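In terms of the UniProt record's numbering, the sequence shown opens at residue 1 and continues consecutively. For each residue, glycine too, the CB sits at the ideal point set by N, CA and C. This one's a predicted model, so the numbers in the text were calculated from it and none came from an experiment. Contents: one structure, followed by commentary.
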Amino acid sequence: MRLTHLGHACLLVETADQRILIDPGCFSPGFEELADLDGILVTHQHDDHVDVDRLPRLLELNPGARLLVEAQTAEVLLESDIAAQHLVPGEPTRVGPVEVTPVGQLHALNHDRVPRVGNTGVVLRADGEPSLFHPGDAYDVEPGDVDVLALPLSAPWCAVRDTLAFARSVAPRYAVPVHDATLSEVGRALYLHHVSSFGPEGMEVVDLAGGSPREIG
């Protein structure tokens, strides 16, 4: 498995000869120029996870890619004349040989003035490859045993104690920090220190900052 962090929540996953892009949002530069994608997955409708203005360019460059999105997000995209297949929690689908299992129903609670929307995380599995879980914006789901966790570092809906509790509950072999655009360089280093020092025993933090790809497993 080869991973590239394209900023904030956006992750390019290359596994089992498939190229799968997760959560191409407005805080993630350059994703719209990617080509040869097999799948594009969107966990929920917020702009930092799907940039509706740049998504058409990405789809134009990748006409064969499956666009798989959370159910409410599919309705939002239709308003911009973008057709997508919606993910159904608990019902796996496939991108080539990669099994995509949708998990979870709701976005984490920000506060009572922000309505909760749907959120469906994704677990990617393929024979002979590490498994990966991207939760979108929620810490309340159980993905089963996974090797790699795309771990949201900072958001209005979480505190570092929640991040650590989530990492310990999933207990992956590797944690890849994502959802970090709200942090300064100094603040990000502090969050990474907490995750590295107080996460589950045996978990390795693989920091992909800078956009360089990294082989996992």
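If you ignore the 5 residues before and after residue 74, its C-beta comes within less than 6 Å of the C-beta of 84 and 86, all in its own chain and listed in chain order. One thing to note: residue 176 has its Cβ no nearer than 8 Å to the Cβ of residue 49. Between residue 158 and residue 110, the alpha-carbon positions lie close to 8 Å from each other. Burial check for residue 28: the Cβ neighbour count within 10 Å reaches 16 or more, so the residue is buried. Under the three-state reduction of DSSP output, residue 95 falls in the strand class. Using a Cβ-Cβ distance cut-off of 8 Å, the stretch 45-60 and the stretch 11-20 are not in contact, since fewer than three pairs of beta carbons, one from each stretch, lie closer than that value.
For residue 60, DSSP records no beta bridge to any residue. With respect to residue 149, residue 179 sits apart: the two C-beta atoms are not nearer than 8 Å. By the 16-neighbour rule on beta-carbons within 10 angstroms, residue 131 is buried. Residue 135 and residue 80 have their alpha carbons spaced roughly 25 Å apart.
Inclusion of residue 103 and residue 89 in the CB contact set at 8 Å is warranted, their separation being smaller than that value. Around the beta-carbon of residue 2, fewer than 16 other beta-carbon atoms lie within 10 Å, marking it exposed. Minimum Cα-Cα distance from residue 108 among the listed residues 66, 162 and 95 corresponds to 162.
Residue pairing from DSSP places residue 133 in a beta bridge opposite 123 and 149. Listed in chain order, the non-local C-beta contacts of residue 138 below 8 Å within the same chain comprise 104, 106, 107, 108, 119 and 121, local neighbours out to five positions each way being set aside.
In the structure shown, the three-state DSSP call for residue 25 is coil.
For residue 5, the uninterrupted beta strand (DSSP E) segment begins and ends at 2-5. For residue 194, the uninterrupted alpha helix (DSSP H) segment begins and ends at 185-198. The Cβ atoms of residue 101 and residue 69 do not sit closer than 8 Å to each other. When beta bridges are read from the DSSP output, residue 18 appears opposite 15. Looking at 151, 82 and 210, the one whose alpha-carbon comes closest to that of residue 170 is 151. For residue 186, the number of other beta carbons within 10 angstroms of its own is below 16, and it is reported as exposed. With respect to the C-alpha of residue 183, the residue from 112, 205, 214 and 160 having the closest C-alpha is 160.
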